[in-house]
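*Asks:* Protein sequences, first through last, are from chains X, W, Y, U and E.
Residue 1 is where the first sequence starts when you use our numbering, and the numbers rise one by one after that.
Residue 342 is where the second sequence starts when you use our numbering, and the numbers rise one by one after that.
Residue 632 is where the third sequence starts when you use our numbering, and the numbers rise one by one after that.
Residue 1000 is where the fourth sequence starts when you use our numbering, and the numbers rise one by one after that.
Residue 1321 is where the fifth sequence starts when you use our numbering, and the numbers rise one by one after that.
Pasting in a structure now, in structure tokens, and then I'll have a few things to ask.
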Amino acid sequence: MSGTGTSSRPTGHEEVLSAVEIQKWYPARRQILRLGHKDGGTFVKAVDGVNFSLRKGEILGVIGESGCGKSTMGKLLVGLEVPTGGKIYFQGQEATSLLKGDAKAFRRKAQIVFQNPFDTFDPRHNIASILSTPLKIHGIGSSDSERKEICCQALEQAGLRPAREYLFRFPHELSGGQLQRVSIVRAMLLKPLFLVADEPVSMLDVSVRADILNALLQLSEESSTAIVFISHDISVTRYISHRIAVMYLGRIVEIGDADEIISHPCHPYTRALISNFPSADPREAREGIQIQGEPPTPVNPGPGCYFAPRCFMTSEECLHSYPEEVDLGGGHLVWCHMVQR
Amino acid sequence: MDENAARARFTRSLKEFWMAYSSQKQAVAGLLILLLVVAVAFLAPYISPYDPNYLGDTLMEAPGRQHLLGTDGMGRDVFSMILHGTRVSLLVGVISALLSGMIGTLVGGISGFFGGTVDAVISEIIDIFLMLPTFFLILIIVAMFGSSMLNVMIVIGLTSWPGNARLMRAQALSLRERTFVIGAKVIGESRGSILFRYIIPNGIFPVIANTTMQVASAILTEAGLSFLGLGDPNVVSWGRLIYDGRAYLTSAWWISTFAGMAIVVTVMGFYLIGDGLNRVLNPKLRDERQ
Amino acid sequence: MVATQQTNENNQCEESGGRPLLEILDLSVGYETGSGLVRAVDHVDLSLYAGESLGIVGESGSGKSTLVMSVLRLLPLDKTVVTGTVLFNGVDILRCPQQEMARIRWKEISIVFQKSMNSLSPVHKVWEQVEDIYRVHAPGASKDEIRERILHLFNVVNLSPRVLELYPHELSGGMLQRVCIALSLVHLPKLVIFDEATTALDVITQGQILDEVMRLERELKLTSIIVTHDISVVAKTCKRVAVMYAGRLMEVGDVGTVLVEPLHPYTKGLISSFPPLTGTRKKITGIPGALPDLKAPPPGCIFAPRCPEALKVCKEKSPVPTVVSRDGEEHLKDVKFGPGESAGLRNIQVPPIGAHVVACHKYGGDDA
Amino acid sequence: MGRYLLKKAGAAVLTIIFVLVLNFFIIHIAPGDPARILSGLDNPSPEVIQTLREKYGLDKPLQVQLVTYFKRVIKGDLGHSIVYDRPVWTLIKERLGATLLLTFTSAIIAFVLGSLLGAYSATRQGSKVDAALSFVAYLLYSMPSFWLGLMLILVFASWLKILPTSGMVNLRAPSTGILHYLDVFWHLILPATTLSLVQIPAYYRITRSSVSGVLKEDFITMFRASGMDERKIFRKYAFKNAILPTVTVFGLHLAYVVTGAALVEIVFAWPGMGRLMLGAIYRRDYPLLMGIYLIMSLSVAVTMIVVDILYAVLDPRIRYT
Amino acid sequence: MRKYVSIFVALVVAASMLAGCAQNSTPRPKEGGTLIVSHQDDPISFNPDWKTDDYAYPINQNIFNKLVTLDPRYNIVPDLATKWEVSPDGKTYTFYLAKNVKWHDGTKFTSQDVKWTFDTIIQKKGTAYNNLQAVESIECPDDYTVVFKLKQPYSAFLGFLAWYGTFVMPKHVYEGTDWTTNPANQKPIGTGPFKFVEWVKGDHVTLEKNPDYFKGAPHLDKVVFRIIPDANTALQAFLNNEVDVAGVRPPLSEVGKLEKTDGVKVIKFAAPSRYYIAFNMRKAPWNNLDVRKAIALAVNRQEIVDKALKGLGQAAKGFYTPAIAWAYNDKDVLPERNLQEANRLLDAAGLKPNAEGIRLKIDLPYFQGSEWADMATVIKANLKEVGIDVNLQQLEIAAWMQKVLTDHDFDITILNGFQGPDPDNLRLRVGSNGNLQMMGYSNAEVDKLLDEASQLTKVEERAPKYKDVQRILSQELPIVPLAEVTSIYVFKSYVHGMPVEDGIGKVTFSDYSLVWLDKK
């Protein structure tokens, strides 16, 4: 079953991105915060020590419930948020200092495709202006007409043909699928090292999702752009990713080969997640694993395993210390006291 | 060719705007009033039967054939004065509202978009200005520093911007979180460029609507100042007509009455337009058509 | 216990056979907009027998929500044009007097909305709203009686009694959805409609609530309609499914048939858009193109412009829903229904339980 | 909540200080010299002027005057009026009652009438009554209060002679007890009507739009789906949810009543703060001006905080921590 | 000195004749009732001598008395002093006080009160300080005699004593306290015909009859000053019978109508006060006599009277008020309006018109008030005809004072003012060091003439000097007189015994001790 997954491993072995213990802590806001924690030292630990690396052309899927920090992590990777701890390296270069020193060079390396295609573009600008702006900023193309030519080519490549037809349209005149394609085109115009795709299909109608997923797959194959694919949809993530990381309250609890994770989830959270995910095939009737409650907000979690309060197989140990990494081989890592090598 | 296409789109979006706007009867009425008022302002010298400053010999003559709306206590033709007063009211209203709109947009845009300490400081300032008893402040300044029209316009403009700033700030705050603004950051646009290319153009609509309303309130403020005798004596303004006419209220009621009506109609025109714009331009209110 | 007694009644109703609990006959709903009439629901026939659970699946703009809102007569009167007939237990819902409608609402048909966050008044405590809603149909009910009933239901949906004393904003999305589900069951209605009731929830919460719904259906013998854009939700919880596209019904039938061996090209496309969670990774294709303009729908089959299998006739004539056999080969020509036949309302044939209906020229839809 | 209020109060104090300093400089930089005015126009003598300057500390540098002023204010002393030689607070106190009577009456009338009419209109959107009410609202909204006051005097006092033109009591027939209150009420009618009329549109508009907004909320649909009586939905659920913005307007109005009523007070010779204020401006009574300004800023700040508290009471979603 | 007194008496008689209201058929006064007088604004306080306070004055007239006072026709009449003598050298004034005077609190009034009052005014720089600068000492030979010793003869002294800021205050109440904050400032104790009852700030001041008034108890039970700041509202209140006496001057435009109104009595006469234009002679072109002359020729004084003053009053001719006839020079008068000549003079002064026909743009600051605005408007229209574009600057009075009196930042301005009670008033308006001389005008001859005249005691000696001053003014034109101010008294016709009617020669303005109401 996991055969197809391993066969589509990235060909190049060059590491393009590595995240080392990255953290994003927000001071808990005191105003109108519903949960009303009062002590001063509280932090919302949106991302709390995440490690992973990404090879050229590799697609890493990140799944987890809302609030698990996956979107924040995406933002950290493209420099929309500055990590409060840890380091991100692009091909060995430290990202934060790059962003401070030469922001444009940073922007060229890291791009993002957003969740909401209907909001990705200024409704007042037409596609031509939207696409040529990054070119202008980064000094690509010597004249307006040349830049227009570049845009045309990119659009055609992305299957938006004929390009002239689209160039002078405004965002509201395109469908969600088309807009998301334009969004990918724009991100790729700068030939980035890697791309974060943050829930790129969740706002799209089911019938047009395939189109975007396939476009991303094609991209990673053709231009070997590494992709971090963030989604709450497990089947979509599995469809597109080489590897999958499961996040819970700001931490990766399990990471490994996509099919391996889906078919042999080890962490209780992953198991609950996958078992509760309904299948489109009515023959696959499964009973979800019951866990308690819903993910709490990541305000000072711990000291034990963050998942322990909801876990169906907690032990005493889980409540006291955060579990160490357990290497299950083949790149399958899990952080759980209850899983033994 | 591209330009034509762009122009065509522009025309179309104007058309759409007009469709949405013109579907509101009240807004159209407001526009008609405005057109009338502007026409009167431009044509005042040509359609006025008299020079508004000409001191005729019949004082306090009742409205009649000779003087459509009568004469005032100095023998001036009230109708001509009201026609000429249109210019002053419009000028004071529009200039001060524009000033307030511009300051508000810039301050609010910077505050909301830049965020952080800048925002904290600016919004505190906005709050402070919002808490100022504005009319009193205007009154003090105009009373103490002199009541020329320029003073009045500047003071109204300088004291009425916080409302606009707050609107623009709210817009900027929400626009800042919008994907296309974040996207602009990711493709490497600078903060200043984002402010002027994305934040202000997309967030200015409520400010435009509000500025329209402010024209109305500036006209009312000017009238209020004039009523306290703090209008510019060198020009004919409606507020001053009411103020002057107040002395003749029982014997020549027409002076204050008609000038007041001119204010009501004009101010209403701006309010109607402002509301209409709000409904078209402010997405929150878009459903609430009347 | 009250609940069990009513369950028995429901059972009897189902066993007695006869007409369906809900019949939607030639229903069309149009929204007035400044620039034209949007045909949100277009000539839809659908029926539901007591005890059934029907999933209505469709993408955005398919008119599925409008359909159920018209069943409850909740569409704004001034902006919508509704034609056709909705019969509930023989009562003509669209034309019955206001009091009759008020009686039917909640007592007989209740609904759980998608945006549970907004489904309760934010400035009143849960208990207050529960009490008020309960008393709509039981004005004399005592507090204890109401409390007992709602706490029983809370128990069923895994909610702590504490929730009653809280304000809606103090609850999470999942809890609110549970409150709404419990609330929808206070009078044990004959029909419960779940309008995207789990869409906004996270995977685990959704899974758990779906499990609870299924349990309720089983235990209380509920008749339910689940409206969703997610086939997997229907696959998990429903017996029958109706696939809608652009305001029209494309295919209706047993879940096991329609979702496993779809006939309509749209259904096929839709299913192939869902990558499987397990098994081999096969390339998913989706459906090219986008939803047509509902203000000026194309002539012929509404799906024709995007249909990979479209024939010439598809672009000219609207197909008529037709009952097909399980394998799709045998046409049951004598049970046909569709637009134009609503003249003699009572004579319209209702497809039998478990019938597979397809509106496509490839499957006899042109035989009208 | 306590902490929030403390923070709010802190911000208010800062605001007030800022406002006072700003005001102090505006007032003092402006041309005009109170000593000069007090010495009169008939035969002003330089010595008299100098004596007056010294007496009121006007000869000291501005920053010294400012510091002196703040020192006094902190001790709760608003200083002495230059013109009246009496404590500023006493002067204000004497006028505050009349102003509050007028403004509270009109604010409450406007609040009740405006929001009722607004709610009525919201439930009948598009009807003739709604259209008529909206038109009247626009009309009143566009009316200068002082002009409306003049017109009302012209019609009800001059022509019809059914109401008194001005003042607060009938001096010809001084009355006591209940009759006195009736007399005051009688004199209150026109000014209060004027002020209410110009305020009603604000309430009307905000209520109309907020009610019609709430009526579109999902929970209203939910209650409708439950078969609940429309009137009950409206009375119990829609209204409580819609009242919040109206309360804000009410708060704002109350906060600015003192200044807002000035013009009307002048028209009707109502013995309130408005005229005290104008007099203080004309006579350059610095301490009095500053005192009025302080009281006004304070009332704005306090009202804002009260509105915040009211909000928290009305809307459980708001938790101030 | 006897002679002097007799001159005074003659004056009084003449004035009474002038008033022309024969009161032969006077019905018997009715006792009781409340008189309601509209009143412009709140008094500052009831300390009558500390600050200039126009809004306290009419009320104080009823509560306090002076040594001597002015009747509504500006004649000096006895008040607390029943008679007085002036020494031949003009340096000693002896006042003999009424003997039956009691303060409202019952304390006996004596000459010590007078001495204390005037000493305090001089020492604490009360509002009349400037007028009392000639005083060297005040002595009280007995309880009913006060002697003022002057440093030099000052013929205007008596007039100034009768004018403002000279009410006699109760020594026993004020002595040893700060007279600016004494509680009596809120609840005054005087010797006048009415006692203070209450002051509801911003609304009214009530006085009640003082039955022990030394000139005889007043007829009225009460006088209420009803505060109505807005002239128009005040008029409405008057017409609505809410007020008996229009203490707030009605808008000039309404006077004509009031005169025709049944039940309303209007009395008008020229006051010794006049409107005039003042030039800022410190700067060009106003230092050029031709330009000033051109303005005098260009202004249409009759139009000002007709339009701005609604026909009330008369166009000014000479340079002093004709109301004080003995000092008035009717020979040296203003030229008739002559635009041609004005234009010629302006041309000659080098002020040529530009393309739009504008020679000059000038600032005319004036203070608020409808008659000022109207007057300025007429002047603006008049001067436009000779190519002078006037920019009107309406200022409230404080700013006007600053701009005109202190900063001298103006071209021309307009003002008016009381020119009495003695022509010595000219000193402060046209003397080099005059406190109201904003023109920057300085003429040694004028100063000399004014000084000399003020030290002479005989009218016939003083008159030529004042007439000379007027001649010089007519030649040098530092000011252009415009019109005479009209005193206007409006009251209901059922109000009898008004100061302006029966009170001539007896009581001062707004002293309602003789008033009685002829209605139920």
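Glycine included, C-beta positions come from ideal geometry on N, C-alpha and C.
Computed from a prediction, not measured in an experiment: that's the story for all the values here.
What are the start and end residues of the alpha helix (DSSP H) that includes SER696 of chain Y?
*Replies:* On the third sequence, residue 696 of chain Y is found 65 positions in, with the first residue counted as 1. Where SER696 of chain Y is concerned, the enclosing alpha helix (DSSP H) stretches over 695–702.
*Asks:* Could you tell me which of U:ALA1191, U:PRO1200 and U:ALA1156 sits nearest to SER1141 of chain U, measuring between CA atoms?
*Replies:* Stepping through the fourth sequence from its first residue, residue 1141 of chain U is reached at position 142. Looking at the Cα atoms, U:PRO1200 is the closest of the given residues.
*Asks:* Rounding to the nearest angstrom, what Cα-Cα distance links PRO906 of chain Y and TYR239 of chain X in this structure?
*Replies:* Residue 906 of chain Y sits at position 275 when you count from the first residue of the third sequence. Residue 239 of chain X sits at position 239 when you count from the first residue of the first sequence. PRO906 of chain Y and TYR239 of chain X: Cα-Cα distance of roughly 6 Å.
*Asks:* Can you name the residues of chain W whose CB is closer than 7 Å to the CB of VAL1698 of chain E?
*Replies:* Your numbering for residue 1698 of chain E matches position 378 in the fifth sequence. Simply LEU396.
*Asks:* Any C-beta of chain W within less than 7 Å: which residues of the region 95–122 of chain X qualify?
*Replies:* ALA103, LYS104, ARG107, GLN111, ILE112, PHE114, ASN116, ASP119, THR120, PHE121 and ASP122
*Asks:* Measure the CB-CB distance between ASN126 of chain X and ARG169 of chain X and report whether it falls below 8 Å.
*Replies:* Residue mapping note: residue 126 of chain X aligns to position 126 of the first sequence, counting from 1. Residue mapping note: residue 169 of chain X aligns to position 169 of the first sequence, counting from 1. It is a contact, given that the beta carbons lie within the stated cut-off.
*Asks:* List the residues that DSSP assigns as beta-bridge partners of GLU15 of chain X.
*Replies:* Mapped onto the first sequence, residue 15 of chain X falls at position 15. Per DSSP, the beta-bridge partners of GLU15 of chain X are X:ARG55.
*Asks:* Using the Cα positions of TYR1324 of chain E and GLY1817 of chain E, report the straight-line distance between them to the nearest angstrom.
*Replies:* Counting from one through the fifth sequence, the residue named residue 1324 of chain E turns up at place 4. Counting from one through the fifth sequence, the residue named residue 1817 of chain E turns up at place 497. Unreliable positioning characterises TYR1324 of chain E in this predicted model, as indicated by a pLDDT of 38, which lies under 50. The coordinate reading is nonetheless provided below. Between TYR1324 of chain E and GLY1817 of chain E, the C-alpha separation is close to 29 Å.
*Asks:* Short of 7 Å in beta carbon distance, which residues of its chain neighbour GLY617 of chain W, apart from the five on each side in sequence? Order them along the chain.
*Replies:* For the purposes of this step, residue 617 of chain W is taken as residue 276 along the second sequence, with counting starting at 1. Within the same chain, GLY617 of chain W has close Cβ partners TYR362, GLN365, GLN367, ALA368 and GLY371.
*Asks:* Round the Cβ separation of ILE1265 of chain U and GLY1278 of chain U to the nearest angstrom and send it over; I've been treating them as touching at under 8 Å.
*Replies:* Position 266 of the fourth sequence, counted from the first residue, corresponds to residue 1265 of chain U. Position 279 of the fourth sequence, counted from the first residue, corresponds to residue 1278 of chain U. Between ILE1265 of chain U and GLY1278 of chain U the beta-carbon gap is near 11 Å, outside 8 Å, which marks them as no contact.
*Asks:* Within 10 angstroms of the Cβ of HIS1179 of chain U, are there 16 or more other Cβ atoms? Answer buried if so, exposed if not.
*Replies:* Translated into the one-based positions of the fourth sequence, residue 1179 of chain U becomes position 180. Classification for HIS1179 of chain U: exposed.
*Asks:* In chain W, which residues lie less than 9 Å from TYR1140 of chain U when you measure between Cβ atoms?
*Replies:* As a working mapping, residue 1140 of chain U is identified with position 141 in the fourth sequence. Within 9 Å Cβ-Cβ: ALA557, VAL608, MET609 and TYR612.
*Asks:* What residues of chain Y sit near SER1225 of chain U, judged by a beta carbon separation below 7 Å?
*Replies:* Numbered from 1 along the fourth sequence, position 226 holds the residue referred to as residue 1225 of chain U. Per Cβ cutoff of 7 Å: ARG736, TRP737, ILE764 and VAL767.
*Asks:* Run through the region 410–481 of chain W for me and flag every whole beta strand (DSSP E) of 3 or more residues, listed as ranges in chain order.
*Replies:* none
*Asks:* Classify LYS1672 of chain E: buried if its beta carbon has 16 or more other beta carbons within 10 angstroms, exposed otherwise.
*Replies:* Residue 1672 of chain E sits at position 352 when you count from the first residue of the fifth sequence. Result: exposed.
*Asks:* Cutting at 7 Å between CB atoms, please list the residues of its own chain near PRO192 of chain X, excluding the five before and the five after it.
*Replies:* In the first sequence, the residue the question calls residue 192 of chain X occupies position 192. Within the same chain, PRO192 of chain X has close Cβ partners ARG108, LYS109, ALA110, GLN111 and THR225.
*Asks:* For VAL1388 of chain E and PHE1184 of chain U, what's the separation of their Cα atoms in angstroms?
*Replies:* Locating residue 1388 of chain E in the fifth sequence gives position 68, where the first residue counts as 1. Locating residue 1184 of chain U in the fourth sequence gives position 185, where the first residue counts as 1. If I take the Cα positions, the gap works out to 45 Å.
*Asks:* PHE521 of chain W CB to nearest chain X CB: under 8 Å?
*Replies:* Taking the first residue of the second sequence as position 1, residue 521 of chain W is located at position 180. Yes, because at least one Cβ of chain X sits closer than 8 Å to the Cβ of PHE521 of chain W.
*Asks:* Mind checking if LEU1150 of chain U is an interface residue toward chain E, Cβ cutoff 8 Å exclusive?
*Replies:* Taking the fourth sequence and counting its residues from 1, one reaches residue 1150 of chain U at position 151. Per the sequence presented here, residue 1150 of chain U reads as Met, with Leu not at that position. For MET1150 of chain U, the answer is no, since every Cβ of chain E falls outside 8 Å of its Cβ.
*Asks:* Would a check of beta-carbon distances place GLY1522 of chain E closer than 8 Å to chain U?
*Replies:* Walking along the fifth sequence from the start, residue 1522 of chain E turns up at place 202. By this cut-off, GLY1522 of chain E is an interface position.
*Asks:* Out of E:GLY1689, E:GLY1512 and E:LEU1680, state which residue places its alpha-carbon closest to the alpha-carbon of LYS1700 of chain E.
*Replies:* Position 380 of the fifth sequence, counting from 1, holds the residue named residue 1700 of chain E. When only C-alpha atoms are compared, the closest one is E:LEU1680.
*Asks:* Under 8 Å between C-beta atoms, does ARG1546 of chain E make it to chain U?
*Replies:* Walking along the fifth sequence from the start, residue 1546 of chain E turns up at place 226. Residue contact check for ARG1546 of chain E against chain U: a CB pair falls below 8 Å.
*Asks:* Does GLU683 of chain Y come within less than 8 Å of chain X when only Cβ atoms are used?
*Replies:* By one-based count along the third sequence, residue 683 of chain Y stands at place 52. Closer than 8 Å: no.
*Asks:* Note down, in chain order, each residue of its chain lying with its Cβ closer than 8 Å to the Cβ of PRO1320 of chain E, except the 5 sequence neighbours on either side.
*Replies:* Here chain E has residues from 1321 to 1840 only, and residue 1320 of chain E is not among them.
*Asks:* Just by C-beta distance, which residues in the region 1012–1035 of chain U are closer than 9 Å to chain W?
*Replies:* If the cut-off is 9 Å between Cβ atoms, the region 1012–1035 of chain U has LEU1013, THR1014, ILE1015, PHE1017, VAL1018, LEU1021, ASN1022, ILE1025, ILE1026, ILE1028, ALA1029, PRO1030 and GLY1031 near chain W.
*Asks:* Does chain Y have any CB closer than 8 Å to the CB of TYR89 of chain X?
*Replies:* Locating residue 89 of chain X in the first sequence gives position 89, counting from the first residue. With 8 Å as the cut-off, TYR89 of chain X does not count as an interface residue toward chain Y.
*Asks:* Can you tell me whether ASP1843 of chain E is buried or exposed, with buried defined as 16 or more other CB within 10 angstroms of its CB?
*Replies:* This structure does not reach residue 1843 of chain E, given that chain E is present from 1321 up to 1840, and the question cannot be answered.
*Asks:* Touching or not, the region 583–599 of chain W and the region 522–532 of chain W, by the rule of three or more beta carbon pairs under 8 Å?
*Replies:* Cβ pair count under 8 Å is below three, so no.
*Asks:* From SER275 of chain X to ARG310 of chain X, what distance separates their C-alpha atoms?
*Replies:* The sequence position of residue 275 of chain X within the first sequence is 275, counting from 1. The sequence position of residue 310 of chain X within the first sequence is 310, counting from 1. So the alpha carbons of these two residues sit roughly 15 Å apart.
*Asks:* First and last residue of the beta strand (DSSP E) that includes LEU1099 of chain U?
*Replies:* Position 100 of the fourth sequence, counting from 1, holds the residue named residue 1099 of chain U. Premise fails: LEU1099 of chain U lies in the alpha helix (DSSP H), 1087–1122, not in any beta strand (DSSP E).
*Asks:* Determine the closest residue to GLY610 of chain W out of W:SER441, W:LEU440 and W:SER558, with distance taken between C-alpha atoms.
*Replies:* Within the second sequence, residue 610 of chain W is the residue found at index 269, counting from 1. The residue with the shortest Cα to Cα distance from GLY610 of chain W is W:SER558.
*Asks:* Check whether the region 1435–1447 of chain E and the region 1739–1750 of chain E are in contact - that is, three or more C-beta pairs closer than 8 Å.
*Replies:* no
*Asks:* Can you list, in chain order, the residues of its chain whose CB lies under 6 Å from that of GLY414 of chain W, leaving out five sequence neighbours each side?
*Replies:* On the second sequence, position 73 is the one that residue 414 of chain W refers to. Excluding sequence neighbours, GLY414 of chain W sits near LEU400, MET401 and TYR589.
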